[in-house]
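Numbering (the working numbering), first residue to last: 15 to 369.
Beta carbons are placed, not taken as given, at the ideal position from N, Cα and C, and that holds for glycine.
Step one of this worksheet: look at the structure below.
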Amino acid sequence: MTSISLLGRLEADSAALRLRLEGLTRQASTGRRTDAIGDLAPQLPRALTLRGEIVRREAYGSAIGEALGRTAATGTALQRLASIAGEFAGGVAMKLDPNDTGSLALVASRARAAMVEVGQLLNSQSNGEYLFGGSDFANPPVPDPEGLPASGMARQVAGAVATLGGGNAAAVAAATKAAAMDDSAGVTPFSAFLSDPAGGLAEPRRSVPAGDGQAMAYGVPANRNGAVASTGETTGSWARDLLRGLASIAALGPAQAAAPTDFRALADTIRQGLRSAANGLADEQGALGLAEQRLQAAQARHATVTDTLKAQLADVEEVDLAATLTRLQATRTALEASYTALGNLGRLSLTSYLR
């Protein structure tokens, strides 16, 4: 009876060792305490809280990463727009001279080409979304960039410039500014959405959630400034100032040069307007750069906290692999010894037992 009782105990111990060995083998293979999250009790509430916080932080980081992709593309477009404004403010417009009518045709041609490029730059995209279109991501903010030199705004500017003479330079300049600021359909070169007082003209800049209750603005609409205020000879928008100046240069010809005093006065206004556009673009680039820095800092904070949370979750859900392997080997050795003992006990006869 003693042999039978001992055999039963050894079999029970072997069964327990087999279960332990299976569990340790699984843990060594997966690195996790259990495959069923419900088996983590009483640590389950903490694990669920940590998981939720990790998901939330990763969502913020992902959204910020997408926004940074857009700001990088926006910055590239702004840099080229600033180059165009600077080129015409500091170069082309400075050389406008009523005594050099022979160069006006070439200058006008360059201005028209620049208008087309400005429109194309304002239609820049990132991952299929228009960057300067406000919340209207799917449609171009400048519907017809190639047609800008013949747009309603350009025609109104040309019509005003055509009347230059007799001391009316100030009135002509005011008319070109009014044309650039006109949001009427058929006049404005910008989309109907951006020109709608109840739509794009009124909506806040595009932003990204960077934390709980924290949104960081970075969007720049095509027809109004983003984070800066233009100063000087301005419509209030560097994009409108740039198009106004280019359209005005494109409209100058020998007829306007025939009134040299008015020509020089208008040319000076054009230079000031283009300089305002260049300054506004420089400020917009700087503001965008600061927004990028803030976004990068927020993304880094989320990444750091996420790493900490994952380490805490690992303490709950994962095993110490070195310790697990040590216990696995010890359990395997114990199980082998148990099997050996069972085998020896099974071979005992009544004679050997009585001896």
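{"query": "Entirely enclosed alpha helix (DSSP H) segments - the stretch 211-287, minimum 4 residues", "result": "252-265, 268-271"}
{"query": "Proximity to Pro157 [Cα-Cα], best of Asn182, Gly105, Ala231, Asn237", "result": "Asn237"}
{"query": "Endpoints, the alpha helix (DSSP H) within which Phe102 is located", "result": "Here Phe102 belongs to no alpha helix (DSSP H), and DSSP marks it neither H nor E."}
{"query": "Environment of Gln313 [buried if 16+ CB atoms lie within 10 Å]", "result": "buried"}
{"query": "Euclidean distance between Cα positions of Arg94 and Thr283", "result": "23 Å"}
{"query": "Per-residue burial, Val121 [other beta carbons within 10 Å of its own, 16 or more giving buried]", "result": "buried"}
{"query": "According to DSSP, residues forming a beta bridge with Ser140", "result": "Glu143"}
{"query": "Cutoff 6 Å; reference Ala174; Cβ partners in own chain excluding five residues on either side", "result": "Val186, Ala189, Thr190"}
{"query": "Cβ neighbours of Arg71 in the same chain (closer than 6 Å, five flanking residues each side left out)", "result": "His316, Val319, Thr320"}
{"query": "7 Å CB neighbourhood of Ser140 in its chain, flanking five on each side removed", "result": "Gly83, Arg84, Ala87"}
{"query": "Sub-8 Å separation of Val222 and Ala77 beta-carbons", "result": "yes"}
{"query": "For Glu67 and Ala103, the rounded distance between their alpha carbons", "result": "52 Å"}
{"query": "Bounding residues of the alpha helix (DSSP H) (the contiguous stretch that carries Met167)", "result": "166-176"}
{"query": "Three-state secondary structure (DSSP) of Gly200", "result": "coil"}
{"query": "As assigned by DSSP and simplified to three states, the class of Tyr367", "result": "Because the pLDDT at Tyr367 is just 47, under 50, the model does not fix this residue reliably, and the value given afterwards should be weighed accordingly. Tyr367 falls in the helix class under three-state DSSP."}
{"query": "Contact under 8 Å by Cβ, Ser244 with Gly294", "result": "yes"}
{"query": "Touching by the beta-carbon criterion (3+ pairs, under 8 Å), the stretch 201-218 and the stretch 154-172", "result": "yes"}
{"query": "Where Ser76 sits in the DSSP three-state scheme", "result": "helix"}
{"query": "DSSP three-state assignment for Ala152, whether helix, strand or coil", "result": "coil"}
{"query": "Three-pair Cβ contact test at 8 Å for the stretch 211-228 versus the stretch 265-283", "result": "no"}
{"query": "Ala265 beta carbon near the ligand PLP (any heavy atom closer than 7 Å)", "result": "This structure simply doesn't include the ligand PLP, nor any ligand for that matter."}
{"query": "Cβ neighbour criterion (16 or more within 10 Å) applied to Ser117", "result": "exposed"}
{"query": "Neighbour-count burial assignment, Met108, 16 or more Cβ in a 10 Å radius", "result": "exposed"}
{"query": "Nearest neighbour of Gly166, chosen from Gly148, Ser138, Gly179, Asp196 [CA to CA]", "result": "Asp196"}
{"query": "Whole-number beta carbon distance between Val132 and Leu257, since they are thought to touch under 8 Å", "result": "6 Å"}
{"query": "Cα-Cα separation, Ala96 to Asp255", "result": "12 Å"}
{"query": "Distance CB(Leu440)-CB(Gly147) smaller than 8 Å", "result": "Outside the displayed range of the chain (15 to 369) lies residue 440, so it cannot be described from this structure."}
{"query": "Close beta carbons around Asp297, own chain, < 7 Å, minus the five adjacent residues each side", "result": "Val242"}
{"query": "As assigned by DSSP and simplified to three states, the class of Asn293", "result": "helix"}
{"query": "Option in Gly79, Pro163, Thr90 with minimal Cα separation from Arg126", "result": "Pro163"}
{"query": "Under the three-state DSSP convention, the category Gly179 falls into", "result": "coil"}
{"query": "Collapsed DSSP secondary structure at Leu323 in the structure displayed", "result": "helix"}
{"query": "DSSP three-state assignment for Asp329, whether helix, strand or coil", "result": "helix"}
{"query": "Residues near Arg278 in its chain [Cβ-Cβ closer than 7 Å; skip 5 each side]", "result": "Pro112"}
{"query": "Three-state secondary structure (DSSP) of Leu159", "result": "Per the sequence presented here, residue 159 reads as Pro, with Leu not at that position. Reduced to three states, the DSSP call for Pro159 is helix."}
{"query": "Anticipated Cβ contact below 8 Å, Ser290 with Gly227, distance rounded", "result": "The pair is not a contact, with the Cβ atoms about 36 Å apart (cut-off 8 Å)."}
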